[in-house]
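Residue numbers (my numbering), protein chains in the order written: chain A, 138 to 559; chain B, 138 to 559.
2 protein chains.
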Amino acid sequence: MSDYKALTPETLSARLGTLDAMTNLLGGSSTDWQVREVGDGNLNLVFIVEGTAGSVIVKQALPYVRLVGDSWPLPLKRAYFEYHALIRQAERDPGSVPEILHFDETQALIIMERLQPHIILRQQMIAGRKVAGLGETIGRFCARNAFRGSDLSMETAKKKADLALFSDNVELCDITENLVFTDPYFDAEMNRYTTPQLDGVVAELRHDQMLKVEVQHMKRAFSAKAETLCHGDLHAGSIMVTDDESRVIDPEFAFYGPMGFDIGMLIGNYLMAYHAISAHIADDAACASYQEWVLETIDETWTTFCDEFSKLWRTERTGILYPHTLYEDQGHLMASELALEQLLSEIFEDLLGFAGIEMHRRILGLAHIAEFETIEDEDKRAPLETRSLKFGQALVMNRKRLHGIDRVVAMARQSQTGTGTS
Amino acid sequence: MSDYKALTPETLSARLGTLDAMTNLLGGSSTDWQVREVGDGNLNLVFIVEGTAGSVIVKQALPYVRLVGDSWPLPLKRAYFEYHALIRQAERDPGSVPEILHFDETQALIIMERLQPHIILRQQMIAGRKVAGLGETIGRFCARNAFRGSDLSMETAKKKADLALFSDNVELCDITENLVFTDPYFDAEMNRYTTPQLDGVVAELRHDQMLKVEVQHMKRAFSAKAETLCHGDLHAGSIMVTDDESRVIDPEFAFYGPMGFDIGMLIGNYLMAYHAISAHIADDAACASYQEWVLETIDETWTTFCDEFSKLWRTERTGILYPHTLYEDQGHLMASELALEQLLSEIFEDLLGFAGIEMHRRILGLAHIAEFETIEDEDKRAPLETRSLKFGQALVMNRKRLHGIDRVVAMARQSQTGTGTS
Chain A
138 MSDYKALTPE TLSARLGTLD AMTNLLGGSS TDWQVREVGD GNLNLVFIVE
188 GTAGSVIVKQ ALPYVRLVGD SWPLPLKRAY FEYHALIRQA ERDPGSVPEI
238 LHFDETQALI IMERLQPHII LRQQMIAGRK VAGLGETIGR FCARNAFRGS
288 DLSMETAKKK ADLALFSDNV ELCDITENLV FTDPYFDAEM NRYTTPQLDG
338 VVAELRHDQM LKVEVQHMKR AFSAKAETLC HGDLHAGSIM VTDDESRVID
388 PEFAFYGPMG FDIGMLIGNY LMAYHAISAH IADDAACASY QEWVLETIDE
438 TWTTFCDEFS KLWRTERTGI LYPHTLYEDQ GHLMASELAL EQLLSEIFED
488 LLGFAGIEMH RRILGLAHIA EFETIEDEDK RAPLETRSLK FGQALVMNRK
538 RLHGIDRVVA MARQSQTGTG TS
Chain B
138 MSDYKALTPE TLSARLGTLD AMTNLLGGSS TDWQVREVGD GNLNLVFIVE
188 GTAGSVIVKQ ALPYVRLVGD SWPLPLKRAY FEYHALIRQA ERDPGSVPEI
238 LHFDETQALI IMERLQPHII LRQQMIAGRK VAGLGETIGR FCARNAFRGS
288 DLSMETAKKK ADLALFSDNV ELCDITENLV FTDPYFDAEM NRYTTPQLDG
338 VVAELRHDQM LKVEVQHMKR AFSAKAETLC HGDLHAGSIM VTDDESRVID
388 PEFAFYGPMG FDIGMLIGNY LMAYHAISAH IADDAACASY QEWVLETIDE
438 TWTTFCDEFS KLWRTERTGI LYPHTLYEDQ GHLMASELAL EQLLSEIFED
488 LLGFAGIEMH RRILGLAHIA EFETIEDEDK RAPLETRSLK FGQALVMNRK
538 RLHGIDRVVA MARQSQTGTG TS
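If you want it as structure tokens, here you go:
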């Protein structure tokens, strides 16, 4: 840890006050800057620093899990992986992530653009506010990062070097390996869920041996399908929005994994929001309209992913895989298009598996989501959670047999209607 | 390259003569040692050094591809990967590989146990000599290395560190990516094949768009399915045998890849030997008997792989995947066994794909095999090569629909009988 020292609102200006990254944007004297600690996540310190001319975000890793305390140590190097992920995401999908102004590896801190007036997508959704273009923006983000971080596009020596770099992000992968893929499926110590209302369905899931086989196959994909650089933690808390703009933050869980991982986790979160929203929007018509928008967003996210991925396949396929020499250069366009469609089909299958698992762990594991947590009446919350748990199970078990996002959306819509929520 | 200098038979004793690794085993004065360069592979210098008391092998990488010359540079660091693979293989399957006596990274040289009176399996097979226990020994080698190098067994931080280490073996992976998965399927510069006899079947393969899609899916598995530490080049030239012992050598192509890669490549070689052998054994009964032995060896290799892998699954599953906490500890033994069978099924599918591709590249690509090359009469060679090419195509295209090695063996036997070779 050497010279590392956690920042405080009181010490920040003195410690960082001479950095160009700060003075250029903030203006005035550092002694006049306003510093607020606003970290509401589970892991880090986050400061908003405001000067006379502007403001910045200072994010610093703590040597432990903030949510739990120093009994759960977590290495500072995660800031290093976040930094490396952010610069790659900025290159692969310009404008999609906050601009980096300064990185200090020893202090595990990143000074970055403050997104303003953006709020966390999760808050926006709980408030029942739509975000124009959300599906397109994030679908494109996922496609560009999936494609451009892989052997479809990169020089393979660089891809292999990145694989090596990010494979050191052991501790954050460990969190996912345990909290997402393992703990929810047995009575693990850190789990919690709405009890006793969910006892029955939880017992059912944990006794579903087929489900537990499939989930571990997905965990194996997480651990060994090193296709591309994943964000690693893409959910409604990792997206900041206005009513018509979306940006992605917090890629400290970055790792080389399956192309369907990020978009799958995200769609799992959207489906939970879809199930939870009736508790947050009192007006039936408004609720139905918002739910439709969530489903449209799911559809648009995947549709845009496919469109963008296909465009990149046809225009930027410069990597070692599916080379032009074998396809286009031989006049074999069908081979190229067939390979693309089969790959998209495989990504979709993975997407559904990861979405379903995310819908389990957010209800049964350690880290829950506000969409459900803020429903104070447990008897109201539990049936909605149950619906998500069952839907997740269906996705995992049927991921090879669900054809097209429109069918999944139709299934979500019909199963909602069928069981009623009023 | 700094202080690197290639050894010669004349300089070897003087340069290495004071090393314990040499003097301990060889005995006498280094000036009396007999040194012969015997490298018959494509890449390296290999010396046998004999003293009064014993002998050793000195293997040194050259900074280029020996087969091609210094127009094709190849980094010395491959000796480093070979060394690291050898010590892991020795640990994971004791006695399976030559003992390492000394490693010098700067000189890219490994001094190792001389296997005696072993010869290369390929020579043994061309001579029509069987090897007792071959299938069992190598099936077990593949299973132990597949299992023990993976997240089924290893502490995941160590597995991730090994993934990072071997991901730097870029140049040797590049050889496989090009020579195995790409060049054979179009008119690449370094290709050669028996022409004009094979012109027809070669055109047919290269116009088979479905085949070229499937082969690139397998290439993607090679590049991104980082399940375990593979030998990377396991064929009949990487196994040394007596009539009843088998050892594995030359893992410089080691990389993290699919569990079915090594055993698939090897079985592809066995199937080619099966097709080629009629040209090498004049006596019909002896030929038929040897062919049966080759098929039995294929069966035994995979059957032993399954048995050993299953045993390790039940006794050494200490990694993050398919944990006992979810299965055995819950009394859910069926889940554990089902997951095992499904994983073996997936490995088998990969095996068939890699076997088929190996059967193409050894006939159409740069590096051919002696089983075919030593058949001087091209009109006799071509029909046998054609049979291998077609069989390989069938394996790649039907790998998801061939159930069990016995069915593949039956198919090989029947298609041999059906078309005749006399």
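All C-beta atoms, glycine included, are put in the ideal place defined by N, C-alpha and C. The structure displayed is predicted, hence computed values, not measured ones.
Each residue's CA atom was taken as its position, placing residue 523 of chain A and residue 515 of chain A some 12 angstroms apart. Residues are counted here when their Cβ sits less than 7 angstroms from a Cβ of chain B; for the stretch 355-369 of chain A these are 356, 357, 360, 361, 362, 363 and 364, given in chain order. Residue 316 of chain B is positioned such that its CB atom lies closer than 7 angstroms to that of residue 503 of chain B. The three-state secondary structure of residue 146 of chain A, taken from DSSP, is coil. Under the Cβ criterion of 7 angstroms, residue 234 of chain A is not counted among the residues facing chain B. The shortest C-alpha to C-alpha distance from residue 192 of chain B to any of B/208, B/161, B/217 and B/227 is the one to B/161.
Rounded to whole angstroms, residue 453 of chain A and residue 290 of chain A show a C-alpha spacing of 6 angstroms.
Runs of the alpha helix (DSSP H) lying entirely within the stretch 197-278 of chain B and spanning at least 4 residues, in chain order: 215-229 and 258-263. Using a Cβ distance threshold of 7 angstroms, residue 372 of chain B and residue 399 of chain B do not count as a contacting pair. In this chain, the beta strand (DSSP E) harbouring residue 365 of chain A covers 365-367. According to the DSSP assignment, residue 470 of chain A belongs to the alpha helix (DSSP H) that extends over 470-501. Inter-residue distance for residue 456 of chain A and residue 293 of chain A is about 7 angstroms (C-alpha atoms, whole angstroms).
For residue 471 of chain B, the nearest beta carbon of chain A is closer than 7 angstroms to its own beta carbon.
The alpha-carbon separation between residue 445 of chain A and residue 281 of chain A amounts to approximately 7 angstroms.
For residue 297 of chain B, the C-beta contacts it makes with chain A under 8 angstroms involve 304, 305, 307 and 310, in order along the chain.
The continuous alpha helix (DSSP H) containing residue 408 of chain B extends over residues 398-413. Of all residues in the stretch 315-341 of chain B, the ones placed with a Cβ closer than 7 angstroms to any Cβ belonging to chain A are 319, 322 and 323, in chain order. Taking 9 angstroms as the upper bound on Cβ-Cβ separation, chain B lies near no residue of the stretch 522-542 of chain A. Under the three-state reduction of DSSP, residue 352 of chain A is assigned to helix. Taking residue 323 of chain A as the centre and dropping the five residues before and after it, the same chain places the C-beta of 343 closer than 7 angstroms to its C-beta, in chain order. By the rule that beta-carbons nearer than 7 angstroms mark a contact, residue 459 of chain A touches chain B.
Rounded to whole angstroms, the separation of the alpha carbons of residue 304 of chain A and residue 427 of chain A is 40 angstroms.
Looking at B/477, B/329, B/204 and B/337, the one whose alpha-carbon comes closest to that of residue 501 of chain B is B/329. The C-beta distance from residue 364 of chain A to residue 395 of chain A rounds to 6 angstroms, short enough to meet the 8 angstroms contact threshold. DSSP lists A/367 as the beta-bridge partner residues of residue 392 of chain A.
DSSP places residue 362 of chain B in the strand class (E or B) of the three-state scheme. Of all residues in the stretch 270-296 of chain B, the ones placed with a Cβ closer than 9 angstroms to any Cβ belonging to chain A are 287, 288, 289, 293, 294 and 296, in chain order. Residue 323 of chain B: not part of any beta strand (DSSP E); DSSP gives it neither H nor E.
Beyond the five residues adjoining it in sequence on each side, residue 352 of chain A comes within less than 7 angstroms, by CB distance, of 318, 322, 494 and 533 in the same chain, given in chain order.
Residue A/417 holds the alpha-carbon nearest to the alpha-carbon of residue 264 of chain A among A/539, A/439, A/377 and A/417. A straight line joining the alpha-carbon of residue 274 of chain A with that of residue 384 of chain B spans about 55 angstroms. For the pair residue 254 of chain B and residue 242 of chain A, the Cα-to-Cα distance works out to about 56 angstroms. Counting every other CB atom within 10 Å of its CB across the protein chains shown gives residue 487 of chain B a total of 16 or more, marking it as buried. The three-state reading of DSSP puts residue 184 of chain B in strand, counting E and B together. Less than 7 angstroms separates the beta-carbon of residue 247 of chain B from that of residue 220 of chain B.
Under the criterion of beta carbons closer than 8 angstroms, residue 409 of chain B and residue 508 of chain B qualify as touching, at roughly 6 angstroms.
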